[in-house]
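Trainee: Numbering (the numbering used here), first residue to last: 480 to 731. Using N, Cα and C, we set each Cβ at its ideal position, and we do this for glycine too.
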């Protein structure tokens, strides 16, 4: 009997609920590694300042091209427009493989409205680790959040890459702090801009698609640091993409 991803994740969380391993730190050295990764299996989508109607259209377009999974690095909080909400809800529900991000705002756990979460495939915390200065200095794949184990957003996306290796990849889960590794900068990813119309499904077919803000303004930008020194300023979506690639390196 083959387990679905949801069943596999649920099983992992049950096992981890008995885990007494404390979160451990590893080297926090940031490395910019321009080496072969599964970047060809990952495409980024710059949603810019898309409203919910536009976001629904983006998801509808991508889902029609049979991607492996669609990760959305946006929070949908509060009622904005009933008509646009209905379009976004319907597109998420119809796609059946949209994963939503969760995070923190002003120290509070922030997640999309329940109506969007309920129709999504899964939702999860981003896994970022930020120091007291708000700079990203590592990440977790398995997060101890308020006494409950949660699998991070990029790890859940990575599980969709090759489902025949899901069990192998899941065996690498542990509450260990990983250093941030930037395998590819923004310019090295294949990026689809929502301002450009396309009917070329090859861009998305059988690929992990990560939607987020990638400019032109300097928003959703984080500084990545090593040993207390300032590092590169990177879009959050690019950090998530590199976390995902780092996780996939475990099943090369």
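On the three-state DSSP scale, how would you describe residue 525?
Mentor: Looking at residue 525 - three-state DSSP - the assignment turns out to be strand.
Trainee: So, at 7 angstroms on beta carbons, what are the nonlocal neighbours of residue 746 in its own chain, with the 5 sequence-adjacent residues on each side left out?
Mentor: As shown, the chain starts at 480 and ends at 731. That puts residue 746 outside it, with no answer to give.
Trainee: Quick check: residue 602 and residue 581, are their CB atoms within less than 8 angstroms of each other?
Mentor: Closer than 8 angstroms, so yes.
Trainee: Could you check whether the Cβ of residue 535 sits closer than 7 angstroms to any heavy atom belonging to the ligand COA?
Mentor: With respect to the ligand COA, the structure shown offers nothing to examine, as it has no ligands at all.
Trainee: Nearest to residue 614 by CA position, among 701, 627, 723, is which residue?
Mentor: It is 701 whose Cα lies nearest to the Cα of residue 614.
Trainee: Note down the Cα distance separating residue 540 from residue 523, rounded to an integer number of angstroms.
Mentor: C-alpha separation (whole angstroms): 14 angstroms.
Trainee: Which of the three DSSP states is assigned to residue 686 in this structure?
Mentor: Residue state, collapsed to three classes: coil.
Trainee: Are the CB atoms of residue 725 and residue 714 nearer to each other than 8 angstroms?
Mentor: No.
Trainee: Nearest to residue 593 by CA position, among 564, 711, 533, 608, is which residue?
Mentor: Checked all of 564, 711, 533, 608; the closest Cα to residue 593 is 564.
Trainee: In the DSSP assignment, find the alpha helix (DSSP H) that holds residue 561 and state where it starts and stops.
Mentor: 561-574 is the extent of the alpha helix (DSSP H) around residue 561.
Trainee: Does the beta-carbon distance from residue 684 to residue 532 come in below 8 angstroms?
Mentor: No; because the gap between Cβ atoms is not below 8 angstroms, this pair is not in contact.
Trainee: Helix, strand or coil for residue 725? Go by DSSP, reduced to three states.
Mentor: Three-state result, residue 725: helix.
Trainee: In the DSSP assignment, what residue or residues form a beta bridge with residue 691?
Mentor: DSSP output for residue 691 lists 525 as bridge partner(s).
Trainee: Specify the secondary structure class of residue 647 as computed by DSSP and reduced to three states.
Mentor: The answer is helix: DSSP assigns residue 647 an H, G or I state.
Trainee: Under the assumption that residue 621 contacts residue 578 (Cβ atoms under 8 angstroms), give the Cβ distance between them as a whole number of angstroms.
Mentor: With a Cβ gap of about 17 angstroms, residue 621 and residue 578 do not count as contacting.
Trainee: Could you spell out the range, first to last residue, of the beta strand (DSSP E) harbouring residue 712?
Mentor: Residue 712 -> beta strand (DSSP E) spans 712-714.
Trainee: Buried or exposed: residue 696, going by 16 or more other Cβ atoms within 10 Å of its Cβ?
Mentor: Residue 696 should be labelled exposed.
Trainee: Rounded to whole angstroms, how far is the Cβ of residue 692 from the Cβ of residue 526, which I believe are closer than 8 angstroms?
Mentor: At roughly 6 angstroms, the Cβ-Cβ gap stays under 8 angstroms, so residue 692 and residue 526 are in contact.
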